[in-house]
Every structure is written in C-alpha cells, then in structure tokens.
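Report on the following structure.
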Amino acid sequence: MVAVVTIAAKVALSAPRLSGAAASVAITWLVVSAFAVTGLALLSTGLPSAAGWGCLWVALGTLPGDLNNDVYASAGLTPLGFVLEPVYLPLAVALVLRYPSARLTAGGRRMVVVLAVWAVATRLLAAGTTGLRPDGFRRPPHWPSVRSPFWHDVVAVDLGRGGTAALLVVAATAIVVRVVHAPGLTRRAALPLASVGVGCAAAAAVDQAVWALGLAGPGLAAPALVRDLLAATLPVTLLADLLRRRIAAAAVSEQVLAAAAGADLARLQTTLRSVLVDPALTVASPAAGTGAAAAERRRCDVRQDDGTLLLMVDVDRRLAEDPVLDTALHAVRVGMENVRLAGELRERVVQLEAAGARIVEATLEERRRIERDLHDGAQQGLLAVAATLARSDLVPLAALPAVVAEARSGLRAALADLRAFARGVHPTVLTQQGLPAAVRSLPVPGDVRLDLRLDDRLTAHRPPPDVESALFFVVAEAVTNSVRHAAAECVRVSLQWDGVVVRAVITDDGTGAVRVVPGGGLAGLTDRIRALGGALDVHADPCPQHDRSGSTVLAELPVPGGEDGSR
Numbered sequence: 001m002v003a004v005v006t007i008a009a010k011v012a013l014s015a016p017r018l019s020g021a022a023a024s025v026a027i028t029w030l031v032v033s034a035f036a037v038t039g040l041a042l043l044s045t046g047l048p049s050a051a052g053w054g055c056l057w058v059a060l061g062t063l064p065g066d067l068n069n070d071v072y073a074s075a076g077l078t079p080l081g082f083v084l085e086p087v088y089l090p091l092a093v094a095l096v097l098r099y100p101s102a103r104l105t106a107g108g109r110r111m112v113v114v115l116a117v118w119a120v121a122t123r124l125l126a127a128g129t130t131g132l133r134p135d136g137f138r139r140p141p142h143w144p145s146v147r148s149p150f151w152h153d154v155v156a157v158d159l160g161r162g163g164t165a166a167l168l169v170v171a172a173t174a175i176v177v178r179v180v181h182a183p184g185l186t187r188r189a190a191l192p193l194a195s196v197g198v199g200c201a202a203a204a205a206v207d208q209a210v211w212a213l214g215l216a217g218p219g220l221a222a223p224a225l226v227r228d229l230l231a232a233t234l235p236v237t238l239l240a241d242l243l244r245r246r247i248a249a250a251a252v253s254e255q256v257l258a259a260a261a262g263a264d265l266a267r268l269q270t271t272l273r274s275v276l277v278d279p280a281l282t283v284a285s286p287a288a289g290t291g292a293a294a295a296e297r298r299r300c301d302v303r304q305d306d307g308t309l310l311l312m313v314d315v316d317r318r319l320a321e322d323p324v325l326d327t328a329l330h331a332v333r334v335g336m337e338n339v340r341l342a343g344e345l346r347e348r349v350v351q352l353e354a355a356g357a358r359i360v361e362a363t364l365e366e367r368r369r370i371e372r373d374l375h376d377g378a379q380q381g382l383l384a385v386a387a388t389l390a391r392s393d394l395v396p397l398a399a400l401p402a403v404v405a406e407a408r409s410g411l412r413a414a415l416a417d418l419r420a421f422a423r424g425v426h427p428t429v430l431t432q433q434g435l436p437a438a439v440r441s442l443p444v445p446g447d448v449r450l451d452l453r454l455d456d457r458l459t460a461h462r463p464p465p466d467v468e469s470a471l472f473f474v475v476a477e478a479v480t481n482s483v484r485h486a487a488a489e490c491v492r493v494s495l496q497w498d499g500v501v502v503r504a505v506i507t508d509d510g511t512g513a514v515r516v517v518p519g520g521g522l523a524g525l526t527d528r529i530r531a532l533g534g535a536l537d538v539h540a541d542p543c544p545q546h547d548r549s550g551s552t553v554l555a556e557l558p559v560p561g562g563e564d565g566s567r
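Counting in UniProt numbering, the sequence shown tops out at residue 567, every number present.
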C-alpha cells in the first residue's frame with residue numbers, strides 16, 4: 001500500500017513539470033517506481049526488513065522536492081518542498097551503508113544525522129533570507145524573508161551547499177571503507193551496491209558544488225542527470241543481489257547438506273569456509289568443549305529440535321546478521337539430523353531383524369512345546385479313554401456300566417486338560433470380553449494380593465487383537481515371575497490408555513528377581529512388543545506401599561488410529 005501511494009503521489013506532484021522537463025520527470029518516476037517495487041520485494045525475503053523499508057523511505061524522500069514548483073507557490077507549499085528536498089540524500093546513504101545488515105554502525109548513524117540536519121538547516125536558512133545568489137527556492141507571493149547577503153549567500157548557499165557536497169564525499173569514502181573492511185561474504189554482497197552508491201554520492205556532491213560555486217544553470221544540469229540515472233540503477237542492483245542470494249542460498253544448502261551427510265567435520269568445515277568466505281571458520285563437536293571465542297569471532301550452536309547440541313561453528317562476528325549464515329547453519333542442522341536419523345533407522349532395522357529371528361525361533365519352540373503338551377497331556381488321557389472303551393468288549397454285561405463310567409470320567413479329565421491348555425494359548429475371556437476382564441481372570445495364589453487398576457475404557461474402545469494379546473501375555477508373564485521367582489506378596493497391575501498408547505505397568509514388592517533373561521518369557525515378549533512398534537522395560541522399583549525391594553515391568557504399545565482405530 002505504501003509503495004502504491006508513493007508512486008501515485010510522485011506522478012501527481014511532478015506532473016506540472018512535464019511540459020518543461022519531460023525527460024527529467026520520466027527519470028524521477030522511474031527511480032521512485034524502482035525503489036518502491038524493490039522495497040516490496042526485499043520485504044518479502046529473509047533479509048532484514050530495514051532493507052525493504054530503506055528503499056521505501058528513499059522513494060518517499062523524493063516527494064517533497066516536487067512541491068518546490070511555481071504551481072504550488074500560491075498554496076504556500078513551496079517552502080516545505082524546498083526545505084525538505086534534500087532528505088532523500090541521507091536516506092539513500094543510510095540504505096547503502098547498512099545493506100544487507102539490519103542497522104547502521106554508530107559512526108554511520110552520526111554521519112547520516114549530520115548530513116540530514118546540515119542539509120535541512122541550511123535550506124531553512126536560505127528560505128528565510130535573501131541575497132544576490134540564486135538558491136532554487138520558488139518563493140510564494142508575499143513570503144516573509146530577511147535580506148542578508150552574508151547569511152543567504154555565504155552561509156546558506158556557499159557553506160550550505162558546499163558542506164553538503166563535502167559530507168557526501170565523506171559518505172562515499174565511508175562506503176568504500178566499509179566494503180574494504182567487510183568480511184568476504186558481506187563484501188561480495190555489498191560491492192555492486194557500494195559502487196553504484198559511491199557514484200550517486202559523487203554526482204550529488206558535484207551537483208551541490210555547482211550551486212555553491214554559483215555555476216547553476218541549464219548548461220550545468222549534467223551532474224543532477226547523472227545522479228538521477230545512477231539512482232535508478234540502485235534498485236536494479238538490489239534486485240540483482242537478491243537474485244544472487246536466492247541462487248547462493250540454494251547452492252549453499254546443497255553443498256552443506258552434502259558435506260554434513262557424511263558426518264565428516266573436516267569436510268564440513270572446508271565447505272563452510274568456502275560458502276561463507278571465512279578462512280578462519282572452525283567446526284567442533286560438543287566433546288571438544290566450549291572455549292571462549294575471540295572478540296572478533298562468534299560461536300554459533302547447531303542444535304536439534306529438542307535442544308541437543310550437535311555442533312559448534314565459530315564464524316566472523318560481522319557475518320552474524322547475514323541471512324546466508326542462517327541458511328548454512330540450517331543446512332548443517334538438517335544434514336546432521338539426517339545422519340542421526342539414518343543411524344537410528346539402521347539400528348532399528350538391525351534390531352527388528354534380530355527380533356524377527358528370535359520370534360521365529362520362539363514360535364518354533366512354542367509349537368514344539370504345544371506338541372509335547374498335547375502328546376503328554378490330552379493325547380494320553382484320550383488314549384486311556386480309548387483303552388477303557390476297548391475293554392468293554394471283554395467284560396461281562398454286568399460290569400459294562402462301570403467301564404463306561406470310568407471312560408466318562410477319563411473323558412472329562414481330558415476335556416479339562418484341553419480347556420486349561422487352550423486358556424494358556426489364548427484365553428477365551430480375552431477374545432470375548434477384552435483386556436481388563438482377561439487380567440481380572442488371572443489365577444494367583446491365595447497368599448498373594450493382586451492390586452488391579454484397570455482402565456475400563458479398554459473395554460468400551462478395545463485396541464486391535466494383537467495389541468490386546470501382547471499386553472495380556474506381558475501381564476501374565478510378569479505376574480507369574482513375581483509370584484514364582486521374586487516371592488512377591490503384593491503385585492500391582494495398572495492398565496492405562498490415553499487414546500493413543502496403551503500402557504501396562506506391573507509392580508511387585510518382591511526380591512527384584514524379575515528381569516529379562518535371553519531365551520526367557522519376557523525376552524520373547526520384548527521382541528513381540530517391539531515388532532508392534534512398542535517398548536518393554538524392566539527395572540528395579542519397589543512397590544510404594546512396601547519397604548522391600550521390587551521390580552517394575554513397563555510395556556507400551558501404540559494404538560493405530562487412536563480411538564477411531566479401536567474396535
């Protein structure tokens with residue numbers, strides 16, 4: 001909005017000059033439009049907003065000069081235009097001295113303020129006095145002024161315009177010094193703009209000197225024309241640097257990511273030195289310590305999203321405000337994070353492969369156990385029933401009822417064995433009523449107290465069957481271990497569900513003997529839990545209600561889709 005209003009105001013205010021100086025007016029329109037558009041472009045980038053607003057302020061600073069025209073004399077606006085006409089000069093100097101930083105140095109601020117105050121103050125003195133020398137002021141009718149050739153001609157015109165020219169030469173020198181002493185990356189960005197800025201300042205200084213020497217006239221308008229033409233190239237230079245920065249940022253990201261991907265600090269340091277043009281840049285790991293940086297250096301920490309320190313990069317302090325540094329450090333963080341995630345993924349794959357192998361072996365062993373249990377238990381009972389029924393052909397009729405009764409009793413015993421065996425493989429209550437009910441049905445000796453804290457939401461919104469089954473067998477194995485091996489008197493079972501993760505916590509007050517043993521039940525369940533994307537942990541943690549040492553088994557399993565994914 002500011003840019004559009006500025007351009008419209010410039011066109012409207014300078015339109016009366018078209019009849020006499022069409023080329024000059026067209027150039028000023030081009031300059032203002034270029035600064036306004038460039039300011040909007042810079043504000044939409046990662047550069048400090050001061051750069052964009054600096055362009056807009058320069059465009060706004062050219063507006064008062066258009067009021068110093070005979071057309072606006074009757075309205076009494078020409079004094080305002082004459083006095084404020086040179087304000088665009090310190091604004092332009094500030095833009096060139098600051099870019100691409102967010103603020104001016106203390107010396108730069110003093111120079112800009114002195115130039116602005118001197119130019120406006122001497123113009124104000126010229127507007128309030130008259131003399132023999134022309135000053136370019138379009139006085140309104142009956143404008144009050146004091147006739148004083150000394151104050152007007154010597155002080156306001158000669159010293160005023162000459163001092164402005166001298167200050168512009170000083171500003172041009174400061175621009176050159178800044179570029180010479182800037183770090184390599186900043187010098188690369190500021191050199192084109194500084195070159196144009198020095199040319200503009202020199203042309204403006206010559207234009208002011210022409211007035212101070214009393215040579216102003218139509219024949220010596222070249223310095224002002226050169227100044228305006230060079231000023232028109234300032235926004236183009238800014239846009240070119242913006243484009244260069246976009247290309248450089250992409251190249252920096254690509255180079256730094258490639259260097260960081262190998263986790264080779266030496267290669268990463270070499271790459272950063274090249275892209276940031278800082279031969280003294282160093283890269284260190286957190287293990288290297290945090291020594292004090294030199295006064296001209298600055299340490300930048302590269303951290304993960306959780307705040308973990310990944311690397312320390314020591315750079316030239318003058319690069320601190322350059323957006324390319326942020327781009328490079330972001331690429332370093334992304335590259336190092338990719339290395340870490342790739343390592344974790346490889347480790348996870350190895351763990352899953354090992355867990356898969358253990359699960360296959362455990363499945364085969366469980367299959368053999370089931371075969372043995374069926375062979376030694378239910379099968380023997382059924383064979384005994386078959387043998388009993390075979391005797392029915394050999395006994396007298398009177399003894400047949402006793403044989404049938406014996407066979408019936410043996411069959412009931414075999415069925416009881418099969419039911420008990422089936423409950424061990426997968427309890428029916430788990431399938432029919434859910435995890436809380438299955439945990440409540442766990443058998444424990446009468447001298448062991450089972451403290452249950454079960455989330456009944458697991459009954460209304462049941463997790464997938466594999467989650468229920470895995471957690472049930474974890475609880476059953478942990479309770480059995482606490483009773484048999486840890487001599488526990490109290491076992492607390494807690495089931496919690498937050499809609500995303502189901503958590504089973506089994507705590508006992510036993511001897512602390514519950515632990516994961518290779519080939520044991522908890523080891524196989526650990527693999528099963530990990531295969532489902534969860535985690536199982538066993539550690540010493542006494543029951544809060546007892547003084548004895550104990551153990552805690554914690555199992556967590558994600559529920560795909562949360563409540564929507566439950567049954």
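Every residue gets a Cβ at the ideal spot worked out from N, C-alpha and C, and that includes glycine. From a predicted model like this one, the values you see are computed outputs, not experimental measurements.
Since Ser469 and Leu495 are thought to touch, with beta carbons under 8 Å apart, how far apart are those beta carbons, to the nearest angstrom? Start at 1 with the first residue of the sequence shown, and residue 469 comes out as number 469. Start at 1 with the first residue of the sequence shown, and residue 495 comes out as number 495. Going by Cβ atoms, the distance from Ser469 to Leu495 rounds to 14 Å, so no, they are not a contact pair.
Measure the alpha-carbon distance for Pro134 versus Leu104 and round it to whole angstroms. Translated into positions along the sequence shown, residue 134 becomes position 134. Translated into positions along the sequence shown, residue 104 becomes position 104. Pro134 and Leu104: Cα-Cα distance of roughly 36 Å.
Residues in its own chain within less than 7 Å of Leu471 by CB, not counting five upstream and five downstream? The residue labelled residue 471 in the question sits at position 471 within the sequence shown. Apart from the 5 residues on each side of it in sequence, Leu471 sits with its Cβ closer than 7 Å to the Cβ of Leu435, Val502, Ala504, Ala555, Leu557 in its chain, given in chain order.
Mapping DSSP to helix, strand and coil, what is Asp305? Here residue 305 corresponds to residue number 305 of the sequence shown, with the count starting at 1. Here Asp305 sits in coil by DSSP.
What is the DSSP secondary structure of His461, counted as helix, strand or coil? Position 461 of the sequence shown holds residue 461. Here His461 sits in coil by DSSP.
Is the distance from the Cβ of Pro465 to the Cβ of Pro560 below 9 Å? As a working note, residue 465 is residue 465 in the sequence shown. As a working note, residue 560 is residue 560 in the sequence shown. Not in contact: Pro465 and Pro560 (Cβ atoms no closer than 9 Å).
For Gln208, count neighbouring C-beta atoms within 10 Å of its own C-beta (all shown protein chains included) and say buried if the count is 16 or more, exposed if not. Walking along the sequence shown from the start, residue 208 turns up at place 208. It is buried - the Cβ of Gln208 has at least 16 other Cβ atoms within 10 Å.
Below 8 Å, how does it come out for the segment 42–51 and the segment 22–31: are there three or more Cβ pairs, yes or no? no
Where do the N-terminal and C-terminal ends of the beta strand (DSSP E) with Leu454 fall, by residue? Within the sequence shown, numbered from 1, the residue matching residue 454 stands at position 454. Per DSSP, Leu454 belongs to the beta strand (DSSP E) from 449–454.
Contacting residues, own chain, Cβ-Cβ under 7 Å from Leu95 (five flanking each side not counted): Numbered from its first residue, the sequence shown carries residue 95 at position 95. Beyond the five residues adjoining it in sequence on each side, Leu95 comes within less than 7 Å, by CB distance, of Gly54, Cys55, Val58 in the same chain, given in chain order.
Do Val4 and Ala36 have their C-beta atoms closer together than 9 Å? Here residue 4 refers to the residue found at position 4 of the sequence shown. Here residue 36 refers to the residue found at position 36 of the sequence shown. In this structure, Ala36 lies closer than 9 Å to Val4 by Cβ.
When you compare each of Arg449, Arg187, Asp322 to Ile175 by their alpha carbons, which one comes out closest? Sequence index remark: in the sequence shown, residue 175 carries index 175 (1-based). Nearest C-alpha to Ile175: Arg187.
I need the boundaries of the beta strand (DSSP E) containing Arg503, first residue and last residue. Start at 1 with the first residue of the sequence shown, and residue 503 comes out as number 503. Run containing Arg503: 501–508, per the beta strand (DSSP E) assignment.
Any contact of the segment 297–316 with the segment 266–278, i.e. 3+ C-beta pairs under 8 Å? yes
Report the residue from Ala478, Leu97, Thr164 whose alpha carbon sits nearest the alpha carbon of Gly197. Here residue 197 refers to the residue found at position 197 of the sequence shown. Out of Ala478, Leu97, Thr164, Leu97 has the C-alpha closest to the C-alpha of Gly197.
Alpha carbon to alpha carbon, what distance is there between Ala166 and Asp158? Position 158 of the sequence shown, counted from the first residue, corresponds to residue 158. Position 166 of the sequence shown, counted from the first residue, corresponds to residue 166. Whole-angstrom Cα-Cα distance: 12 Å.
Assuming Arg492 is part of the alpha helix (DSSP H), what are its boundary residues? As a first step, residue 492 must be located in the sequence shown, where it is residue number 492. Where Arg492 is concerned, there is no enclosing alpha helix (DSSP H), although the beta strand (DSSP E) it sits in stretches over 490–497.
Apart from the five residues on each side of it in sequence, which residues of its chain come closer than 8 Å, Cβ to Cβ, to Val256? Position 256 of the sequence shown, counting from 1, holds the residue named residue 256. Within the same chain, Val256 has close Cβ partners Leu268, Thr271, Leu272, Val275, Ala328, Ala331, Val332, Gly335.
Out of His539, Arg303, Val114, point me to the one whose CA is closest to Gly163's CA. One-based indexing of the sequence shown puts residue 163 at position 163. Minimum Cα distance to Gly163 is reached at Val114.
What is the DSSP secondary structure of Leu104, reduced to helix, strand or coil? Counting from one through the sequence shown, the residue named residue 104 turns up at place 104. In the structure shown, Leu104 sits in coil (DSSP, three-state: anything other than H, G, I, E or B).
Can the beta-carbon of Gly81 be found less than 9 Å from the beta-carbon of Asp66? Numbered from its first residue, the sequence shown carries residue 81 at position 81. Numbered from its first residue, the sequence shown carries residue 66 at position 66. Against a cut-off of 9 Å, the Cβ pair of Asp66 and Gly81 comes out as a contact.
Do you know offhand how far Ala203's Cα is from Leu230's? On the sequence shown, residue 203 is found 203 positions in, with the first residue counted as 1. On the sequence shown, residue 230 is found 230 positions in, with the first residue counted as 1. Going by the C-alpha atoms only, they are around 9 Å apart.
Thinking Ala52 and Leu42 are a contact (beta carbons under 8 Å), I'd like their distance in whole angstroms, please. In the sequence shown, counting from the first residue as 1, residue 52 sits at position 52. In the sequence shown, counting from the first residue as 1, residue 42 sits at position 42. With the sequence shown as reference, residue 52 is identified as Gly, and Ala is not the correct amino acid for it. Confirmed, Cβ separation roughly 4 Å.
Can you name the start and end residues of the alpha helix (DSSP H) that Ala171 belongs to? The residue you call residue 171 lines up with position 171 of the sequence shown. Residues 160–181.
For Thr62, three-class secondary structure by DSSP: Within the sequence shown, the letter at position 62 stands for residue 62. Thr62 falls in the coil class under three-state DSSP.
For the alpha helix (DSSP H) that contains Val4, what are its first and last residues? Sequence index remark: in the sequence shown, residue 4 carries index 4 (1-based). 2–14 is the span of the alpha helix (DSSP H), which, as asked, contains Val4.
How big is the Cα-Cα spacing for Ala75 and Arg139? Translated into positions along the sequence shown, residue 75 becomes position 75. Translated into positions along the sequence shown, residue 139 becomes position 139. In a straight line, the C-alpha of Ala75 is about 11 Å away from that of Arg139.
Look at the Cβ atom of Pro79, then the Cβ atom of Ala119, and state whether they are nearer than 9 Å. For this step, residue 79 is matched to residue 79 along the sequence shown. For this step, residue 119 is matched to residue 119 along the sequence shown. No, these two residues do not count as a Cβ contact at 9 Å.
Per DSSP, Leu329 is paired with what? Position 329 of the sequence shown, counting from 1, holds the residue named residue 329. Bridge partners of Leu329: none, in fact.
For Thr129, count the other beta carbons within 10 Å of its own beta carbon; 16 or more makes it buried, fewer makes it exposed. Which is it? The residue labelled residue 129 in the question sits at position 129 within the sequence shown. Thr129 comes out buried.
Using 8 Å for Cβ pairs, my map puts His152 next to Ala126. What's the rounded Cβ distance? Working through the sequence shown from its first residue, we reach residue 152 at position 152. Working through the sequence shown from its first residue, we reach residue 126 at position 126. Yes, His152 and Ala126 are in contact; Cβ-Cβ is about 6 Å, under 8 Å.
Do Asp508 and Ala535 have their C-beta atoms within less than 9 Å of each other? Start at 1 with the first residue of the sequence shown, and residue 508 comes out as number 508. Start at 1 with the first residue of the sequence shown, and residue 535 comes out as number 535. No, these two residues do not count as a Cβ contact at 9 Å.
Residues that Val313 bridges to, as DSSP identifies them: What you label residue 313 is simply residue 313 of the sequence shown in a count that begins at 1. For Val313, which the question treats as bridged, DSSP gives the partners Val283, Cys300.
In the DSSP assignment, the beta strand (DSSP E) including Ser551 goes from what residue to what residue? Numbered from its first residue, the sequence shown carries residue 551 at position 551. Taken as a continuous stretch (DSSP letters only), the beta strand (DSSP E) holding Ser551 covers 551–558.
My output table needs one value for Asp241: the three-state DSSP class, helix, strand or coil. By 1-based counting over the sequence shown, the position of residue 241 is 241. Helix.
Determine whether the beta carbon atoms of Ile506 and Ala531 lie at a separation below 9 Å. Taking the sequence shown and counting its residues from 1, the one referred to as residue 506 is at position 506. Taking the sequence shown and counting its residues from 1, the one referred to as residue 531 is at position 531. No, the pair does not count as a contact, with Cβ atoms beyond the cut-off.
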